[in-house]
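In what follows, a structure is listed as structure tokens, so that the remarks can point back to it.
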Amino acid sequence: MKVILNKDVNPLGEEGDVKDVAKGYARNYLFPRGLAVPYTERNLKIFEARREEIEARKAEKRKDAASLKERLEGAEITITMPAGANGKLYGAVTNQTIADELTKQGFQVERKRIEVPGNHIKSVGKFKVHVKLYENTTAEVTVVIQAQVTKTEEKHEARKPHQRPNRGAHKEEVSSEAPAEAHSSDETTASE
12 MKVILNKDVN PLGEEGDVKD VAKGYARNYL FPRGLAVPYT ERNLKIFEAR
62 REEIEARKAE KRKDAASLKE RLEGAEITIT MPAGANGKLY GAVTNQTIAD
112 ELTKQGFQVE RKRIEVPGNH IKSVGKFKVH VKLYENTTAE VTVVIQAQVT
162 KTEEKHEARK PHQRPNRGAH KEEVSSEAPA EAHSSDETTA SE
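Here you go:
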């Protein structure tokens, strides 16, 4: 079924584009939300009349995306998360976590536009994340994941010099005492 998009629909297309979609997708998703209209001669003429306005908006979006790309390219965000001694995070850094951190730094980026390698990050380190801004404009942001020192780790570090006794040595001491008792009981039976 052919439709004309009223708004930008990611990843389908942009406002004014004519697309061929499944009937159910059009009837159940696009039409009720006002994202598209059926492809008819009348609707096509309406969009042709608005073509200049649509193209002006697209040019403005391209310009905004280019300026945002310049600011984002040099950005490095640092996220501190609880992690184990081996560097594995107790949680995961997702595109939502990165979007929240970018918002704190003054960048308004939707989470669905952020591409995290493997969909999430589960270890400490430095990672490159791609942010799709508009059309083919993509920015690369450096994300540094640091391990958060928890209170239990601090207590563990303070207690570290005290070592537990070697359990194997304790068993040897017990086993060396057992034969001595056996010898002493043998001597008492022999003397009786």
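Adding 11 to a residue's 1-based position in the sequence shown gives its number in this note's numbering. Heads up, the beta-carbon is just placed ideally off N, CA and C, and yes, glycines get one too.
Taking DSSP's pairing of strands, which residues face residue i in a bridge?
i      : result
Thr89  : Val155
Pro49  : Val14
Leu100 : Ala94
Glu126 : His141
Gly24  : Val20
Thr148 : Tyr145
Ile132 : Val104
If you draw a straight line from the C-alpha of residue i to the C-alpha of residue j, how long is it?
i      : j      : result
Phe58  : Ala67  : 14 angstroms
Leu144 : Gln119 : 11 angstroms
Asp111 : Asn21  : 21 angstroms
Pro128 : Lys139 : 8 angstroms
Thr51  : Asn130 : 40 angstroms
Lys123 : Lys137 : 21 angstroms
Val29  : Leu16  : 7 angstroms
Glu87  : Lys99  : 21 angstroms
Val32  : Arg53  : 19 angstroms
Ala96  : Glu71  : 48 angstroms
Leu46  : Val142 : 24 angstroms
Gly117 : Val152 : 14 angstroms
Arg27  : Glu121 : One point to set straight first is that residue 27 is Gly, not Arg, in the sequence displayed. If you take the alpha carbons of Gly27 and Glu121, they lie about 22 angstroms apart.
Lys69  : Glu63  : 10 angstroms
Leu23  : Ser78  : 25 angstroms
Glu146 : Lys80  : 12 angstroms
Ala60  : Ala94  : 57 angstroms
Ile125 : Asn106 : 6 angstroms
Lys34  : Tyr40  : 10 angstroms
Pro49  : Lys56  : 13 angstroms
Ala76  : Glu84  : 12 angstroms
Val14  : Phe42  : 9 angstroms
Lys115 : Ala150 : 18 angstroms
Looking at C-alpha atoms only, which residue of the options is the closest neighbour of residue i?
i      : options                         : result
Met92  : Lys72, Leu83, Gly102 and Ala86  : Gly102
Met12  : Ala37, Asp28, Glu26 and Gly27   : Ala37
Lys74  : Val160, Thr148 and Thr153       : Thr148
Arg82  : Lys34, Lys30, Leu113 and Gln159 : Leu113
Arg44  : Arg62, Lys18, Thr153 and Ala60  : Lys18
Ala158 : Lys69, Val135 and Val152        : Val135
Ile65  : Val104, Glu25 and Lys56         : Glu25
Since residue i and residue j are thought to touch, with beta carbons under 8 angstroms apart, how far apart are those beta carbons, to the nearest angstrom?
i      : j      : result
Val155 : Thr89  : 5 angstroms
Ile132 : Val104 : 4 angstroms
I need the boundaries of the beta strand (DSSP E) containing residue i, first residue and last residue.
i      : result
Leu144 : Gly136 to Tyr145
Val29  : Val29 to Asp31
Looking at the secondary structure, which residues open and close the alpha helix (DSSP H) in which residue i lies?
i     : result
Ala70 : Arg62 to Glu84
Distance cutoff 8 angstroms, beta carbons only. Does residue i sit that close to anything in chain D?
i      : result
Val154 : Of the chains in the structure shown, none is chain D; there is only one protein chain.
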